[in-house]
Structures are given as structure tokens and as C-alpha cells.
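Have a look at the structure below before the remarks.
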């Protein structure tokens, strides 16, 4: 029901993708104290050689939200939104110090409905705060309404739930392309890499209703922040560019 092979043009197809800009709401580093300014410059995001190319760049010295570190983030909000299916992307991720690449999805009611009440599914996150280039993570975020009142801001009131798993390999995942995958229906979410299942979570309709609604896709390379650098600023050991290559993204619907 959806495919982008990144085989034509020089920029992400504007009929499919939005390019996000800036430092996030209130210049907060997208809620995670991330360093990078997201731009629509072809230096940061382009289509080239059959890939979507997302580059995190810094000519140095590198700082935190001072325009020195740039990158890109694209999404399909209001252009392609879906509920359930098989979601796949073939990606060669960046694995350098402080790099935090991700392929993920947010509830289509975001930002009108605040996170995590909107729901989030992370098909792939690689980060350096407590991990390395040989590990990938699959995670879901939601609000357990049994813990909070409807008028509460869920995150600050203690209703935020995240359930994550990781899979570790012998070699760096940045050495080649990997296929990151999810299978999602009304009863469960399953996460895979290269056909290996390493995540499975049943959906409880009583308090996980987020995952019975529509979502949109996101691809980005963040730098630093909570999971990229434990919230610490650049040390000078970072290497740029940090480049994510996306060969394709596909979403399937089950045919009964």
C-alpha cells in the first residue's frame, strides 16, 4: 500500500514526504536535548544513487543548538497514514559517536494529541548512550490511562510507558544494509531485523488504544541528546558526516 524506492529525482518526493525544520518545539532539541538543526538543504537530505541520503554535518567546532550541527528528518504526516500492516525499510545506518539514527512512526493525531498519548513505534533506533554500533532497538511508547487522569499531561504525571528490546550482533550494523521490519495488527506488534524476530508485544485494548489508530512514518538522524550522548555536549571525538542510506521503505496490508 506504500513504497518509496528512492530511484528518481534529487530530493524526497514532496507528494509523500514532509521535511521537518528547526530544533523542535521551544527549541528544545526535539524534546531530547539533541544538538542538530534540521534543514531541507541537499547537503543534509537528498536522493542519490538509488538511496535517500540523510547527512548529519558539522564543520567544527560543534556545539548544542548553535547551528553548527545540521541534519534532516522527514515524515509522511497527512500524506501517508496507516493502521496495521507489515512495515519494512532497507537501511545502512550511521554508527559514529553520538549518532542516533531512527526509522519510526507516530500516531497521526500528533501533535494535536500530545506525546505519548499519540503513541510511538520505533522500528529501528541505534544510539550510543547505553549501546553501540552492534545493537538495534525496537520500542513502543504510550500512555497508560489507568495511571493518570484525563486532564493530566501524561508524561509528567507518570503515565508514560515504554517497552523496549535490543538485539546484538557480532559485527557493526553500519557495515552494510539491514532490513528493519515490523508486523502490526490489532492484537500485537512484532519487531524484526533481517528476518530475525526479537520483539513481540501484545496490545491490551484497555490501556494501549494508541496502537489501534493511524500512524505516520519518520526517518531521521539525530546527534547527541538523551540517547545519543547521555545529554552531554560534543567532546570533539565526533566524526562527520554521519550518513544514513535508505534503499527503500515499504508498507504492506494483509490480504485475507
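In the numbering used here, the protein residues as written are 11 to 266.
The beta-carbon is built from N, C-alpha and C at its ideal position, and this holds for glycine as well.
**Report entry** Assumed close pair residue 115, residue 12 - CB separation to whole angstroms, cut-off 8 Å
**Finding:** Going by Cβ atoms, the distance from residue 115 to residue 12 rounds to 12 Å, so no, they are not a contact pair.
Query raised in the report: Per DSSP, residue 211 forms a beta bridge with which residues?
Result: For residue 211, the pairing in a beta bridge is given by DSSP as 199.
Query - Beta-carbon contacts of residue 106 that lie in its chain and below 6 Å, excluding the five residues immediately before and after - result: Closer than 6 Å at the Cβ level, and outside the excluded window around residue 106, lie 249, 252.
**Report entry** Cutoff 7 Å: residue 144 Cβ touching any chain D Cβ
**Finding:** Chain labels in this structure do not include chain D; a single protein chain is all it has.
Query - DSSP state of residue 183 mapped onto helix, strand, coil - result: In the displayed model, residue 183 falls within a helix according to three-state DSSP.
Query - Range covered by the beta strand (DSSP E) that runs through residue 153 - result: From DSSP, the beta strand (DSSP E) with residue 153 extends over 145–153.
Query - Selection from 53, 125, 135 that minimises the alpha carbon distance to residue 112 - result: The shortest C-alpha separation from residue 112 is found at 135.
Report task. Taking the CB atoms as reference points, tell me whether residue 9 and residue 152 lie closer together than 7 Å. Result -> The question about residue 9 has no answer, for the chain in this structure spans 11 to 266.
Report task. Please determine, among 244, 256, 266, the residue with the shortest C-alpha to C-alpha distance to residue 46. Result -> If we check each option's Cα against that of residue 46, 244 comes out closest.
Query raised in the report: Is it buried or exposed for residue 178, if we count other Cβ within 10 angstroms and need 16 for buried?
Result: So residue 178 counts as exposed.
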